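Just below is one structure, and these are the notes that go with it.
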Amino acid sequence: MGLRAVQEQVETQILASYESMYRLAYTYVKNRDDAMDVVQESAYKAISCAGELKSEQAVKTWLYRIVVNASLDLLRKRGRETPSDQLPDPGREDVYQDVDTLRALDILDPRERAVVVLRFFEDRKLQEIADICGENLSTVKTILYRSLRKLKAHLSEGEHHERATEPL
Numbered sequence: 001m002g003l004r005a006v007q008e009q010v011e012t013q014i015l016a017s018y019e020s021m022y023r024l025a026y027t028y029v030k031n032r033d034d035a036m037d038v039v040q041e042s043a044y045k046a047i048s049c050a051g052e053l054k055s056e057q058a059v060k061t062w063l064y065r066i067v068v069n070a071s072l073d074l075l076r077k078r079g080r081e082t083p084s085d086q087l088p089d090p091g092r093e094d095v096y097q098d099v100d101t102l103r104a105l106d107i108l109d110p111r112e113r114a115v116v117v118l119r120f121f122e123d124r125k126l127q128e129i130a131d132i133c134g135e136n137l138s139t140v141k142t143i144l145y146r147s148l149r150k151l152k153a154h155l156s157e158g159e160h161h162e163r164a165t166e167p168l
């Protein structure tokens with residue numbers, strides 16, 4: 001398959017996966033404009049580097065990996081993450097319907113958050129998540145288990161706090 005055909009395949013996959021790529025980027029950068037920049041940069045990089053693609057069947061995983069790397073690069077460059085209290089109003093942001101869930105993900109580090117989002121929001125298989133994140137399968141399983149434990153503890157703590165502050 002020629003370079004132009006591979007580029008067309010990459011372009012087609014970008015169009016088909018745009019919303020998922022955006023949600024993944026948003027999970028990291030937590031800002032609409034930055035997420036859009038990451039997706040645009042990722043699309044450009046994917047199209048311009050299409051000749052480096054080793055397997056045509058792995059286009060989607062490869063794209064997600066580019067988005068993860070571009071998101072991490074942006075965070076390193078900025079040296080910060082946007083706190084959840086600076087998130088836009090839920091009615092204006094279409095990333096996730098449940099802003100409370102998104103805010104709960106703030107307790108996770110970026111790598112843990114990516115694994116949880118890819119698994120439960122993007123419905124990716126564990127092996128695909130491992131490929132996207134550049135980790136082995138057992139590491140992804142460990143990260144997912146540890147992240148779910150953290151979330152459960154955090155959510156249980158919040159529930160306990162709410163009950164303790166309710167008037168009798």
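The letter at position 121 of the sequence shown is residue 121 when you use UniProt numbering, and the numbering goes up by one with no holes.
Glycine residues also receive a C-beta, built at the ideal position from the N, C-alpha and C atoms.
Just so we're clear, the structure is a prediction, and the values are computed from it rather than from any experiment.
For a test of the three-state rule: what should DSSP assign to residue i, helix, strand or coil?
i	result
N136	coil
D123	coil
L105	helix
S55	coil
Work out the CA separation of residue j and residue i for me, nearest whole Å.
i	j	result
Q40	L155	35 Å
R146	G2	44 Å
D106	R113	8 Å
Q7	I66	15 Å
G91	N31	Note on G91: pLDDT 42, under 50, position unreliable in the model; the coordinate value appears next. Their Cα atoms are separated by approximately 15 Å.
E81	E52	Low confidence applies to E81: its pLDDT is 48, below 50, so where it sits in the model is not reliable enough to give any reading.
N69	R4	24 Å
L126	L118	9 Å
V140	D109	14 Å
L144	K60	21 Å
K150	R111	14 Å
K152	Y18	31 Å
D33	W62	23 Å
Since residue i contacts residue j with CB under 8 Å, what's their CB separation in whole angstroms?
i	j	result
A25	A16	With 8 Å as the limit, A25 and A16 do not qualify as a contact, their Cβ atoms being about 16 Å apart.
E122	S20	6 Å
V29	S55	Incorrect: roughly 28 Å between the Cβ atoms, too far for contact.
Since residue i is in the alpha helix (DSSP H), which residue starts that stretch and which ends it?
i	result
I47	32-48
L3	3-29
V117	Looking at the DSSP string, V117 is not in any alpha helix (DSSP H), and its letter there is neither H nor E.
| Counting Cβ pairs, one atom from each stretch, are 3 or more of them under 8 Å apart for the stretch 37-53 and the stretch 120-134? | In this structure the stretch 37-53 does not lie against the stretch 120-134, because fewer than three pairs of beta carbons, one per stretch, are closer than 8 Å.
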